[in-house]
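The sequence shown begins at 182 in the numbering used here and counts up by one. Below: one structure, written as structure tokens.
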Amino acid sequence: MKSVRLLLVLGIGVASLAFLIFTYDPGRPRPKAAPAGMSTAADSDLPGELTVGKPIVFGNLTIFPVSSNSPRMDDRFITLDEGLKTGTVEVLEKSSGRPTSGDPFGADPFAAPANLPPRSRAANPPAADDPFAAPSQPAASPPDSNAPAEPTESLQQASAQIPVADDDPFAPAGNDVNQLLVVNRSEKPLYLMPGEVIIGGDQDRTIGQELVIAADGKPTAIDVFCVEHGRWGGRDEAAYAQIVAQSWSGEANSAASLVISSAGSVEETTAAANSGKFVGSVGSLNKHGRMAVQKGDGQQAVWDEVAKQNAKAGVETDSGTFANNYSDADALERLEPYLKHFHQPIEETQNIVGVIVAVNGKVESLDVFESTPLFRKLWPKLLKSYSLDAAHAETPGSENNVATREAAIAFFRDIAAAQTTASETEGSLAISQGESDRVLLFSAHQPRTMEEVGGSASMSGGLGGFGGAMGGGGFFGGAVHSSGFSK
């Protein structure tokens with residue numbers, strides 16, 4: 182009897198070994214362990230097949246990765262940073278490089294500079310029919326980095342056609358505090374995120390609206406807000422020398438790793454900026470600055486938030502620019518530990534499309550994008566914003582004051598449940614806003630027809646309406662980006 186059992190055991194062992202040998206394929210990819218912070222839950226925690234990962238914590242900042250259970254890898258947009266760095270995207274003052282004079286923040290902001298030609302009040306150039314479509318002709322090659330920073334003829338013609346309001350005190354100079362021109366000569370549509378800070382021109386600005394710019398090389402007017410109250414004119418070469426020096430820190434996850442355009446040397450960068458071009462992007466506004474921009478609270482509210490942040494950070498600058506939060510040596514020293522701790526774990530999280538952020542144990546904000554590539558491109562810029570809030574939080578954090586994963590999920594559900602109270606189309610994206618007594622939400626998605634939303638244009642779903650931008654089909658119901666903030 183024992184010999185029979187022994188033979189049976191040996192037979193099962195031989196059969197198992199044979200199965201392993203004949204089914205082994207050395208070329209077949211093996212399952213990978215989930216990266217740090219990635220949830221292993223099989224089911225979605227959230228609408229739209231989204232899952233909240235385990236918290237990643239440093240000091241008083243906690244970040245939860247938000248991942249999709251199915252890959253979202255469509256890389257269909259170019260970002261502002263990519264475009265400025267390669268020279269395929271230009272951002273310019275409305276005068277397209279014509280120098281301006283006078284200080285709108287001085288004693289007489291309404292005094293018209295002399296000897297400037299009159300500007301046309303003709304209609305704005307029509308926008309492209311489909312900014313998401315590929316250009317009909319191959320995109321032009323990036324401009325020569327050694328070429329002089331002169332505006333193109335098409336930009337000069339287009340700037341002369343931008344309408345000028347009768348009550349615009351800056352109209353005689355040709356430039357406008359709250360509007361710029363953008364040209365996209367890349368092969369992809371350009372995605373612009375509210376709160377992105379750009380440097381150059383007559384004063385630093387932040388992108389004022391969620392927008393997609395077609396890859397057609399045509400100048401497009403965009404809304405912006407000033408984030409540098411005390412300058413209207415050029416910077417000197419020494420100022421741009423510092424900015425350029427910071428841009429070559431050598432570390433992608435460094436606060437000092439600014440994106441500088443292909444203008445060339447410090448001299449060429451300064452000349453390009455002082456001719457009306459924007460030569461770089463330094464990051465994003467902090468939470469309250471972003472909220473002021475997205476709520477449409479107006480220029481004064483944005484200036485107020487910039488002043489508050491500068492005061493918290495102890496950033497002293499003659500022009501009051503927000504950009505010094507990412508270029509001042511002392512400010513950088515406070516941000517670097519956060520950036521170095523969070524950059525790689527989030528970057529490497531599988532199928533990541535967004536994050537939920539908590540400071541001092543309180544969940545503060547959420548950003549979720551349509552795809553992993555789009556999130557990863559904007560992640561360094563968003564991380565600076567989150568780190569800025571954490572580094573200058575009024576109440577010090579403690580090791581025991583960490584938000585839980587359950588709190589992060591509850592915050593997301595609050596965002597998703599908030600009723601959309603307003604929706605309007607800004608350029609190529611439909612912008613939805615909503616709120617509850619606890620949260621604010623903003624969502625940008627491609628407009629869809631009545632048929633596509635089941636014959637109803639109701640905006641009652643959360644996160645962008647149309648049944649919920651995170652709850653629908655492909656690309657989370659069409660949402661390119663959804664953001665939420667605690668009140």
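Note that CB positions come from ideal geometry on N, CA and C, so glycine has one too. Computed from a predicted model, the values in this text were never measured in an experiment.
Between the stretch 564-578 and the stretch 463-470, the count of Cβ pairs shorter than 8 Å is three or higher; the stretches touch. Taken through DSSP and simplified to helix, strand or coil, Ala-611 comes out as strand.
Ranked by Cα distance from Asn-505, the first of Asn-491, Ser-604 and Lys-521 is Asn-491. Here Gln-480 has Val-358, Asn-359, Phe-406 and Cys-407 as same chain residues with Cβ atoms under 8 Å from its own Cβ, once five neighbours each way along the sequence are excluded. Leu-242 is positioned such that its CB atom lies closer than 7 Å to that of Ala-571. Membership of Gln-481 in the alpha helix (DSSP H) is indicated by the continuous run 480-494. Non-local C-beta neighbours of His-410 in its own chain, meaning closer than 6 Å and more than five positions away in sequence, comprise Trp-484 and Gly-501, ordered along the chain. By the criterion of at least three beta-carbon pairs nearer than 8 Å, the stretch 368-375 is in contact with the stretch 250-267. Ile-612 and Glu-517 have their C-alpha atoms some 34 Å from each other. In terms of Cα proximity to Leu-265, the closest of Arg-515, Ser-465, Ser-276 and Gly-461 is Gly-461.
The stretch 507-522 makes contact with the stretch 229-241; the number of CB pairs closer than 8 Å reaches 3 or more. Beta-bridge analysis with DSSP links Gln-600 to Glu-616. Annotation: the continuous beta strand (DSSP E) that includes Ala-660 extends over 660-667. Less than 7 Å separates the beta-carbon of Val-538 from that of Ile-244. The Cβ atoms of Glu-587 and Ala-599 do not sit closer than 7 Å to each other. Going by DSSP, Phe-239 is part of the beta strand (DSSP E) stretching over 237-239. Phe-503: not part of any beta strand (DSSP E); DSSP gives it neither H nor E.
For the set Gly-457, His-626, Ala-625 and Asp-595, the Cα lying nearest the Cα of Lys-668 is the one of Asp-595. Distances from the alpha-carbon of Gly-464 to those of Pro-375, Tyr-421, Ala-625 and Asp-255 put Pro-375 closest. Ranking Val-364, Ile-388, Gln-423 and Lys-558 by CA distance to the CA of Met-254 puts Lys-558 first. Residue Ala-422 holds the alpha-carbon nearest to the alpha-carbon of Ala-452 among Ala-422, Leu-621, Lys-476 and Val-364. Per DSSP, reduced to three states, the secondary structure at Ala-473 is helical. DSSP places Glu-377 within a strand segment (E or B) once states are collapsed to three. Per DSSP, Asn-356 has no beta bridge partner at all. Between the C-alpha atoms of Val-661 and Ala-510 there is a straight-line separation of about 35 Å. Comparing alpha-carbon positions, the option among Glu-545, Leu-231 and Gly-414 lying closest to Ala-574 turns out to be Glu-545. By the C-beta density criterion, Arg-366 is buried, having at least 16 other C-beta atoms within 10 angstroms.
Between Val-425 and Ser-248, the alpha-carbon positions lie close to 35 Å from each other. Distance check between Lys-562 and each of Leu-273, Thr-269, Leu-227 and Tyr-507 places Tyr-507 closest, using alpha-carbon atoms only.
Judged by DSSP secondary structure, Lys-543 falls outside any alpha helix (DSSP H) and instead within the beta strand (DSSP E) spanning 543-550. In this structure Glu-263 is not in contact with Asn-250, their Cβ atoms being roughly 28 Å apart against a cut-off of 8 Å. As a beta-bridge residue in DSSP terms, Thr-606 pairs with Ala-611.
For Asp-618, the closest C-alpha among the options Thr-601, Thr-606, Ser-609 and Glu-605 is that of Thr-601. In the displayed model, Val-540 falls within a strand according to three-state DSSP. Where Arg-386 is concerned, the enclosing beta strand (DSSP E) starts and stops at 386-388. Under the criterion of beta carbons closer than 8 Å, Asp-404 and Gly-389 qualify as touching, at roughly 4 Å.
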